[in-house]
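Each remark here refers to the structure printed beneath this line.
In our numbering, the protein residues as written are 70 to 1014.
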């Protein structure tokens, strides 16, 4: 046990905490309390941290507070580490001076906001000091700490301010004018009346419970009556359990803000309480008493699931002389009267039946009625068969009210869980919530990540709505970050604080933060003000998470496009994470798309038997859920344009031509033009390998899909400049029918730390969105050189990111990485090992046959005289690259144009419809004026590679 003798040191901090030196403060945990013994007195403090100015043998306490406790500076006290402090449900505060109650009541709201920053540990008969401002403070006495003392003040603690304690403590205070009540789940006062408060002070058996639907009880009571309520037996007082007739008045404590009108919420009812065995319910009970009641009572009192109510033993019932039945049924009055008498007789065999006015009840024939009593001041009464035989019963027909019914349950949106891994995510979220309830521990919060349109919001909403219904009935709050993006820090703080206070009030509850990356994004922009603002917002939100979620039954479910887009305060690369469970939505494969298309089409009306879902699933490669929904809307629109009664395959094919994937919205696809492999001369071996690596997996998906080995997805084209490496990339995309994303190496590099790596990740994400596609990196040596040769370290980090993307856990199925370089010796060797750029294809200098093939392909667009001998040119161009041969043809064409332009205007007019032709002589002149781009030494160097 930690125990030290320390000297009191006065400090200026305006709170009731104690401070220690750095040496001793480390031994105290967050839940530990400092117990200070002085002479025959014992005080309890919350540790405020450490102060550098304190010596190891000193304990720092505010001078004003120490004076109130009778502790003088340099006084020796005994400090003991004390554990096992529980949370406080309620306590009383008595100002030491009579007039100080006016100061407290006039500043109640500001004190309520700052009290937890001044006092944390409270103990009966221990004084405290409350600082109203920097210059005004009030000394108070603490008493009535429940359920045990000492205890920890929390947000759900009810604090009551009373008048100063009289000298004779046995004389109780009954004045209603000097009682102020605080409830820490709400900034405004609760809707309890002064009468209720007086009862609360005088009745030891009054309970504060949480309202839940009776449907959440597993073993539903067979002989249930509407005004019977049920609570766990182990949480009820012994007198209530042993008493066979427990009648209580329930008064709601509605959660209202200072801007809301709560005048129409002041309503109560009288009920009969029955104990419930523990095995009949699944709700945690460590912080509150669940009270299970009929939905009719919840609707009448406008109580949401989890709302607080006061259960009072003193009920406001009375004797009546007449009962008036209000109904909108068209049955005869005698029939309604008979049914009412039957209901009273069946439920008053052993005891009188309890009835409330203005609360709808059901007769045995399922007709709904509402009762009115005479005198009108009586809102609840007890009846039996003798009353209905001897007193008058009136029937009054009323019209159906147009007021919307108070909704307890939300209608759940249908969702197709059988595609991708949505069902797995839903089950894991539900199991996480069940585990938190069962073990009564902190919930493991959930983050669902996925691309835009993949169904993140839908799956989280479905999960929350499932919990809001039977058997859980959990309160759900949603914050859509898209709607609050751009608001100031103060506005966001108020919004999230009010939201947290509400979910705390209704706990257990679920808080959904949709698109959290919108307000907590990772900013890599140059503007430091933007980065600072986003960082402040993220830090503020994390502080609220830690402050409110740790000690309450609240589960946080958030969505984001990626963890890489989250600010480091929200999602750190190391250390403790807010979100213990991170679920990523998988991409839709062909089978998933087929399942979802059938599911959506089945809900949109009549469809034709001609629709081939197998074809549509192939044509929608790369589509996400939202894309498929939009596509089906376009199919229906196409059918409307033809005034067709059903959607057929032709409508779907026209709709697919006008559809585009959301993931391609910000992707710049390179136009590969009309040039295919037949338009590229030479390099036949390279073309063959490209077709095998790119076209075959797309053309024969079933065969390659069943292959147990991972397919090769990376190729490197290397060779001298001008041999056609870049042209091959575009021709391969055209030949294989793939999209092409072309990246010039240096464009990914940035001077900001992390920006280059993020650019690489974004490129691969875009390629996954555009699949099947070719991701082509030109001049790859400038982007991924050997590591260790860059003083800034930028390219080293880029290479590391490339290694992760090329051979990481993430699959590159459908994406072929193609890189081109003329200096393979400069590349990092790790990129060239099998599994990454595992095929290195040499694009050598063309031989005579290949040069002839290149000349024939390039001269297709030129006009040549019959005397042109391309074989002679091919023979004379030993050591020339494809670019050199193209230069020869361009030069010859310019020479031909010069000859044509030298003719007279008459001759030019006659040539307007004729083609300009190139002859052999012009080609030889162009050959003599063009030198090969590579020297003999360069050619030898490339031959040795």
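Each residue gets a CB set at the ideal place from its N, CA and C atoms; glycine is no exception.
Look at the alpha carbon of residue i and the alpha carbon of residue j, and state the distance between them as a whole number of angstroms.
i: residue 31; j: residue 116; result: With the chain represented from 70 up to 1014, any question about residue 31 goes unanswered, as that position is not in the structure.
i: residue 1001; j: residue 964; result: 19 Å
i: residue 458; j: residue 571; result: 49 Å
i: residue 573; j: residue 622; result: 8 Å
i: residue 477; j: residue 513; result: Note on residue 477: pLDDT 48, under 50, position unreliable in the model; the coordinate value appears next. Approximately 27 Å, taken between the alpha carbons.
i: residue 967; j: residue 950; result: 26 Å
i: residue 650; j: residue 834; result: 22 Å
i: residue 493; j: residue 172; result: 57 Å
i: residue 763; j: residue 1011; result: 27 Å
i: residue 709; j: residue 585; result: 39 Å
i: residue 853; j: residue 497; result: 40 Å
i: residue 635; j: residue 587; result: 9 Å
i: residue 946; j: residue 858; result: 39 Å
i: residue 254; j: residue 154; result: Low confidence applies to residue 254: its pLDDT is 29, below 50, so where it sits in the model is not reliable enough to give any reading.
i: residue 422; j: residue 581; result: 43 Å
i: residue 72; j: residue 562; result: 41 Å
i: residue 320; j: residue 447; result: 16 Å
i: residue 920; j: residue 751; result: 7 Å
i: residue 849; j: residue 489; result: 35 Å
i: residue 424; j: residue 393; result: 12 Å
i: residue 548; j: residue 293; result: 38 Å
i: residue 654; j: residue 491; result: 7 Å
i: residue 761; j: residue 502; result: 49 Å
i: residue 184; j: residue 358; result: 26 Å
Please classify residue i as buried or exposed, where buried requires at least 16 other C-beta atoms within 10 Å of its C-beta.
i: residue 641; result: exposed
i: residue 575; result: buried
i: residue 923; result: buried
i: residue 98; result: exposed
i: residue 837; result: buried
i: residue 278; result: buried
i: residue 821; result: exposed
i: residue 408; result: buried
i: residue 676; result: buried
i: residue 306; result: exposed
i: residue 678; result: exposed
i: residue 371; result: exposed
Where do the N-terminal and C-terminal ends of the beta strand (DSSP E) with residue i fall, by residue?
i: residue 461; result: 461-466
i: residue 723; result: From DSSP, residue 723 is part of no beta strand (DSSP E) but of the alpha helix (DSSP H) over 718-726.
i: residue 393; result: 391-396
i: residue 214; result: 206-215
i: residue 197; result: 196-200
Let's see if you can read the secondary structure: which residues bound the alpha helix (DSSP H) around residue i?
i: residue 692; result: Element bounds for residue 692: n/a, residue is neither H nor E.
i: residue 830; result: 824-839
i: residue 293; result: Note, residue 293: premise wrong, no alpha helix (DSSP H); not H, not E.
i: residue 998; result: 989-998
i: residue 1010; result: 1005-1013
i: residue 869; result: 863-876
i: residue 565; result: 558-574
i: residue 805; result: 794-805
i: residue 132; result: 132-138
i: residue 369; result: 364-369
i: residue 93; result: 91-94
Is the CB of residue i under 9 Å away from at least one CB in chain B?
i: residue 400; result: In the structure shown, chain B does not exist; there is a single protein chain.
Please give me, in chain order, every unbroken run of the beta strand (DSSP E) with length at least 3 that falls completely inside the stretch 608-682.
623-629 and 648-653
How do the stretch 597-614 and the stretch 536-545 stand: do at least 3 beta-carbon pairs fall below 8 Å, yes or no?
With the cut-off at 8 Å, the stretch 597-614 and the stretch 536-545 do not touch.
Taking 8 Å as the cut-off, does the stretch 524-536 touch the stretch 626-635 (at least 3 CB pairs, one atom from each stretch)?
The stretch 626-635 is in contact with the stretch 524-536.
Would the stretch 84-100 count as touching the stretch 121-132 if we require 3 or more Cβ pairs under 8 Å?
Pairwise C-beta distances place the stretch 84-100 in contact with the stretch 121-132, as three or more of them are shorter than 8 Å.
Pair every Cβ in the stretch 880-896 with every Cβ in the stretch 707-720, then say whether three or more of these pairs are closer than 8 Å.
no
Would you check if there are 3 or more beta carbon pairs closer than 8 Å linking the stretch 177-191 to the stretch 209-219?
For the pair of segments examined, the stretch 177-191 was found to touch the stretch 209-219: the number of CB pairs separated by less than 8 Å reaches three.
Evaluate contact between the stretch 989-1001 and the stretch 937-948, counting only Cβ atoms and requiring at least three cross-stretch pairs below 8 Å.
yes
Does the contact criterion of 3 or more C-beta pairs under 8 Å hold for the stretch 923-938 versus the stretch 811-823?
no
Contained alpha helix (DSSP H) runs [length at least 4] in the stretch 920-957, N- to C-terminal order:
Those alpha helix (DSSP H) runs which fall completely within the stretch 920-957 and span 4+ residues are 939-945.
The stretch 156-168 touching the stretch 195-214, judged by at least three CB pairs closer than 8 Å:
yes
Inside the stretch 513-539 only - alpha helix (DSSP H) runs reaching at least 4 residues:
525-536
Cβ pair count under 8 Å reaching 3, the stretch 782-800 against the stretch 901-913
yes
Quick one: which unbroken beta strand (DSSP E) runs of 3-plus residues sit fully inside the stretch 402-436? Chain order, please.
422-425
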